[in-house]
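Take numbering that gives the first Met the number 0: the final residue in the sequence shown is number 174, and no numbers are missing along the way.
Glycine residues also receive a C-beta, built at the ideal position from the N, C-alpha and C atoms.
Take a look at the structure set out below.
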Amino acid sequence: MCCIPKLMRISSISTLMKISMDEHFVQQALALASQAFAANEVPIGCVIAHNGEIIGAGFNLRNTKKNTLYHAEIIAIDRASEVLGDWRLEDCTLYVTVEPCPMCAGAILQARIPRLVYGAANPKAGAVGSVVNLLNNPAFNHQVQVVSGIMEAECAGLMTEFFKKFRKNNDHISL
Ligand SMILES: [Zn+2]
Numbered sequence: 000m001c002c003i004p005k006l007m008r009i010s011s012i013s014t015l016m017k018i019s020m021d022e023h024f025v026q027q028a029l030a031l032a033s034q035a036f037a038a039n040e041v042p043i044g045c046v047i048a049h050n051g052e053i054i055g056a057g058f059n060l061r062n063t064k065k066n067t068l069y070h071a072e073i074i075a076i077d078r079a080s081e082v083l084g085d086w087r088l089e090d091c092t093l094y095v096t097v098e099p100c101p102m103c104a105g106a107i108l109q110a111r112i113p114r115l116v117y118g119a120a121n122p123k124a125g126a127v128g129s130v131v132n133l134l135n136n137p138a139f140n141h142q143v144q145v146v147s148g149i150m151e152a153e154c155a156g157l158m159t160e161f162f163k164k165f166r167k168n169n170d171h172i173s174l
């Protein structure tokens, strides 16, 4: 019995450490989202961490590249796969400022990424619970642990600011 409080204390410390790690990496993803904003792109940034180290990073470049594949997550997955020399990104966490779309959620599944952390929900295109949930469907052979709402206000605020600024002149801009 005397061990129980001790164990609980250790587990809450490790939970706290995980939360601050998550915040740290979402902060890095936010810095990339700001770069997307500066490039007149929908401000979404992503990093992939492996053993506490960033091995892949990217921000949305869809308009710059004139290619729908250039979402932040796809770019980060591409780089991380190159670094690990494997299409399987096991033991990795993907951090992204906004809930992934169906294409990126699909790529997360395909890459066998075990953990996703995102900031703001995407009610119009999110595929991690907002519109559909591709990451926790028991019919698939891979499920992803999801943590949401990390630095949510900052991540959502950047999106709101972007759409306020560009919507008037660029009606075609959407997620
Ligand atoms: Zn996407």
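| Per DSSP, what kind of secondary structure is residue 14 in: helix, strand or coil? | helix
| Residue from 39, 156, 34, 115 whose Cα sits closest to the Cα of residue 58 | 34
| field | Three-way DSSP call (helix, strand, coil) for residue 4 in this model | value | Confidence at residue 4 is low in this model, with a pLDDT of 49, below 50, so its placement is unreliable and the value that follows should be read with caution. Looking at residue 4 - three-state DSSP - the assignment turns out to be helix.
| request: Report whether the distance from the Cβ of residue 99 to the nearest heavy atom of ligand 1 is below 7 Å. | output: yes
| Per DSSP, residue 47 forms a beta bridge with which residues? | 55, 93
| message | To the nearest angstrom, how far is the alpha carbon of residue 156 from that of residue 39? | response | 16 Å
| said: For the stretch 146-156 against the stretch 107-126, do three or more pairs of beta-carbon atoms, one drawn from each stretch, fall closer than 8 Å, so that the two count as touching? | reply: yes
| query | Of all the options 55, 61, 63, 32, which has the alpha carbon lying nearest to the alpha carbon of residue 92? | reply | 55
| request: Compute the minimum distance between the beta carbon of residue 103 and the heavy atoms of ligand 1, and state whether it is under 7 Å. | output: yes
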